[in-house]
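Structure, as structure tokens:
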Amino acid sequence: LKALKDNGYAVTNTPSGRELRDLFISKGIVNSGEWIQTRSKLEDMIKVSVERYAEWLGKLPEKPLRRTLEEWGHPPGKINVYGDSILIPGLIFGNVFVGLQPPRGIHEDPSKIYHDKDLPPHHQYIAFYKWIAEEFGADAIIQLGTHGTLEFLPGKEAGLSSECFPDILIADVPNIYVYHAVNSSEASIAKRRSYAVIVNHASPPVMTSDLHGDFQEIERLINEYFDARQYGREEADKIAEKILNKAGKYGLGSSVEEVYDRIQEYKRSIIPKGLHVLGDKLSLEDSIQYLTFLTRYDRGGVPSLHRLIIESEGLNYNEVLEKPHLRDSSGRTYAEILSKTEETVKEIIREYIVKGLTPKLKTLENDILKSLTFIKNVYENIVMSDEIGAILKALDGKFIEPGPGGDFVRTPEVYPTGRNMYQLDPTNLPTETAMERGRRIADEYLASFYKKYGRYPKTVSVVLWAFETMKTGGETLAAIFHLLGVKPVWKSMYIRELEVIPLSELKRPRIDVVVTICGIFRDTFYNIVELLDKAFKTVAELEEPEDMNFVKANVKKMSTYYGENAKFRIFGPPEGQYATSLTALIESSQWRSEAELVNAYLESMKFAYGEKARCVESKELMNSLISNVELVTQIRDTVDYEITDLDHYYEFLGGLTKAVESRSGRRPMVLVADTTKEVVKVEDAREALKRGVVTRTVNPKWLDSMIGHGYNGVAKIAVRVEYMIGLSATLGGVEDWMWRSVAENTVFNVERAEKMKNI
């Protein structure tokens, strides 16, 4: 608002964020049908008479009009109404209206979760957009927040018609959408289905998790143990016993060394530092910290600064990362070496950023100087970010520079922010780098299963997201191809064929794979859906022994009942839908048994996709296939989110796991491949969940950084607890100590509870 006023827009008031929030609350302007409002507050609100609304509604095309009336009855409906008027949640400041996008109506009427997966917008939702365009006369809309619901309303996936709800509601009003740069997959839906011009914004600053509470005490005891053992003191065994007793409460490992490695992983984890404030650039200190994290990784021709320094001491960087408990010849643990290296790198970067290439820095090796040149370019791009300036340019009808999206640590080219985000070319997937990493991931999946069961899994199920594919270049795709024993090869610039890897080279059976996709993957990467489908059919038709080709064996067994459809292996939501109804069930508490969650998941995901078939209802086939699944997998692709930080993890990974458990009668092995670290790590999903809880959800350092952002920060804490409920109900692994720790670090912590209460 201040920027608009400073640039000549007619803004009558420019409240701070806190003042604006207080204004909304004091006037009772919230999106809740259960909000108890006084008559005086209601009378002051913006309202649309039922007569005026009926005029707008009557102009809707016949089909969407009929669907709205059938679902929500005659206007004004029951959601946020006052008498015969519909309430418009917002405030007017001169020529600027600040409003809250209405809810979809699921929480107001939970029966809608089951009733219709293609739910049309309710009357208040329609009135909101029509009032903005017709009554307020907006010349443009600025949509703040990733993401809204307009672009996910019913209608065609692309090339919208006059009968599609996003087209009906946005009409011809320019839609300037301020979007989190890490989420280029859903931003593409906003462009395609609500005609948005994206202005991307940065992620929050980042910091290390460090340790807290018992984890800090365990580290202290382990250091004491190492000292006692080094000098042959008798108390070493007693200290070890104390460590393992304390660590046993959290399932950290069965040996002191294993426990130490686990807590060092927690300690070094990169976590968000609060929230991003639109228009804010990283401070010098936050920039140096971010750049220090960047240089943990090799980047093509730019080697990791950490690697260069550690390997200059004659150590193997990967071994130092993977085995922090080991020691060098001088007696330092590898964890201590990593910590010292981080400090050294930070000081080198600080000197270079603040003073330039000093005589001292000129003496460093050429590879280090090459890394510093890369760092300088990234820092200059950070400084160039202009998010609010880009919004003002968009309002002026000027060109917004395009730029990539993605994880800021994996892809620093996302800076500068304030650009019109685009996605990668789907015909180039998977990339060569992703192919290499995907092969490694698939091999580690199989090695983990083989280590536990002494054999290979016959059927694996994989969660495949557009969200991950865009950031990794297709690591999950590559893993699927490698499990099948095929690889895509270029036949021309835009055409890829499949090459079958001989069993003699593969040295193991071909694994059957059930792929579950989100709706965004379907809409964005259908060329990949077709290529995957072709891979399954190719492998199913190979002349090979069935005990070495599990795809062929399963297709043969099922074809007597399902015919050609027995080759379907890719399942997702129906056309026009993007996810499942699990999140709505969890959020609204409208479930009473795990069986309800399983049924909701399968009803949402029972549609098969392939090269010559699209959205084929196949619930029985899917049930048959997942009853054979022994291993469920997904990739974690960004430092922004652990699996505890996003509801889609419990929705897709958790929903699939619970469905497999229900249909097979046994819990599958569930693995997460974490590709955000210097070395890819495949781990049990419950270990990934535990790390997310320890390093973020119950971490005082993370909690305090969120509380520092007031209401929004505390709301983010609250949803993390809600996600724990979703994970507990689906994936499992949310232990009693986690709930206790949440309570102890929030509502039972007097100082923190008081701060949250007074926000």
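Under this note's numbering, the sequence shown has 194 at position 192, and the numbering climbs by one with no breaks.
Beta carbons: idealized from backbone N, C-alpha and C, even for Gly.
Given the structure is predicted, the values throughout are model-derived calculations rather than measurements.
Could you give the first and the last residue of the continuous alpha helix (DSSP H) run that contains Asp369?
Asn368 to Met386
Just how far apart, CA to CA, sit Pro104 and Ala444?
The straight-line gap from Cα to Cα measures roughly 43 Å.
Which residue's Cα is closest to the Cα of Ile290: Val411, Tyr336 and Val184?
Val411
Taking the continuous beta strand (DSSP E) assigned at Ser790, which residues delimit it?
Only positions 3 to 761 of the chain appear in this structure, which leaves residue 790 out of reach.
For the beta strand (DSSP E) containing His203, name the first residue and the last one.
Segment Ala198 to His203, the beta strand (DSSP E) holding His203.
Specify the secondary structure class of Thr346 as computed by DSSP and reduced to three states.
Thr346: helix per DSSP, three-state reduction.
By the three-class DSSP mapping on this structure, what secondary structure does Gly521 have?
helix
Just checking, does the segment 653-672 make contact with the segment 585-604 on the three C-beta pairs under 8 Å criterion?
yes
Closest to Asn95 by C-alpha separation, out of Val13, Ile628, Ala192 and Ala690, would be which residue?
Checking the sequence, you will find Phe at residue 95 rather than Asn. When the alpha-carbon of Phe95 is set against those of Val13, Ile628, Ala192 and Ala690, the nearest one is in Val13.
Note down, one range per segment and in chain order, each alpha helix (DSSP H) of at least 4 residues found wholly within the segment 680-760.
Counting only runs of 4 or more, we get 687-694, 702-709, 713-732, 738-747 and 752-759.
Three or more C-beta pairs closer than 8 Å, one from the segment 381-393 and one from the segment 409-427: is that the case here?
yes
Find the nearest neighbour of Glu724 within the set Ala745, Tyr603, Glu589 and Lys759, judged by alpha-carbon distance.
Glu589
Scan the segment 427-474 and note each continuous alpha helix (DSSP H) run of 4 residues or more that stays entirely inside, going in chain order.
434-455 and 468-474
For Ala192, I'd like the list of residues in its chain whose CB is within less than 6 Å of its CB, leaving aside the five on either flank, ordered along the chain.
Glu153, Tyr179 and Ala198
Check whether the segment 588-606 touches the segment 555-569, taking contact to mean three or more Cβ pairs, one atom from each stretch, closer than 8 Å.
no
Would you mind sorting His117 into buried or exposed? The rule is 16 or more other CB atoms within 10 Å of its CB.
Low local confidence applies: a pLDDT of 42 at His117 is under 50, so the model's placement there is unreliable, with the coordinate-based value given in what follows. Answer is exposed; the Cβ neighbour count stays below 16.
If you follow the alpha helix (DSSP H) that Ile220 is in, where does it begin and where does it stop?
Gly215 to Gln232
Taking all protein chains shown into account, decide if Phe130 is buried (16 or more other Cβ within 10 angstroms of its Cβ) or exposed.
Buried, since its Cβ has 16 or more Cβ neighbours within 10 Å.
Do Val618 and Phe609 come within 9 Å of each other at the CB atom, strictly closer than that value?
yes
Nearest by alpha-carbon distance to Asp738: which of Asn9, Tyr252 and Tyr563 is it?
Tyr252
Let me confirm a value: Phe573 is counted as buried when at least 16 other C-beta atoms fall within 10 Å, else exposed. Which label applies?
buried
Could you check the C-alpha separation between Glu746 and Thr413 for me, to the nearest Å?
37 Å
Between which two residues does the alpha helix (DSSP H) holding Glu243 run?
Ala238 to Gly250
With DSSP as the reference, please indicate the residues paired to Leu627 in a beta bridge.
Bridge partners of Leu627: none, in fact.
Arg571 to Leu162, Cα distance in whole Å?
Arg571 and Leu162 have their alpha carbons spaced roughly 29 Å apart.
Looking only at C-alpha atoms, which of Gly715, Val695, Ser707 and Val175 sits nearest to Leu397?
Val175
Could you give the first and the last residue of the continuous alpha helix (DSSP H) run that contains Leu765?
Not covered by the structure: residue 765. The range shown for the chain is 3 to 761.
So Asp409 packs on Val641, CB below 8 Å; how close in whole Å?
6 Å
Glu389 lies in the alpha helix (DSSP H); which residues open and close that run?
Glu389 to Leu397
So, Val515 versus Ser463, is the Cβ gap smaller than 9 Å?
yes
By Cβ distance, which residues of its chain are closer than 7 Å to Ser190, with the 5 residues on each side in sequence left out?
Gln425 and Thr526
If we count the other Cβ atoms within 10 Å of its Cβ and call it buried at 16 or more, is Asp169 buried or exposed?
Only buried fits Asp169, as 16 or more other CB atoms lie within 10 angstroms of its CB.
Return the first residue and the last residue of the alpha helix (DSSP H) that Phe538 is part of.
Tyr528 to Ala542
Fully enclosed by the segment 113-150, which beta strand (DSSP E) runs are 3 residues long or longer?
143-146
Within the same chain, show all residues whose beta-carbon is closer than 6 Å to that of Pro576, passing over the 5 residues directly before and after it, in chain order.
Phe609 and Cys617
Starting from Gly657 and walking both ways along the alpha helix (DSSP H), at which residues does that stretch end?
Gly657 to Ser666
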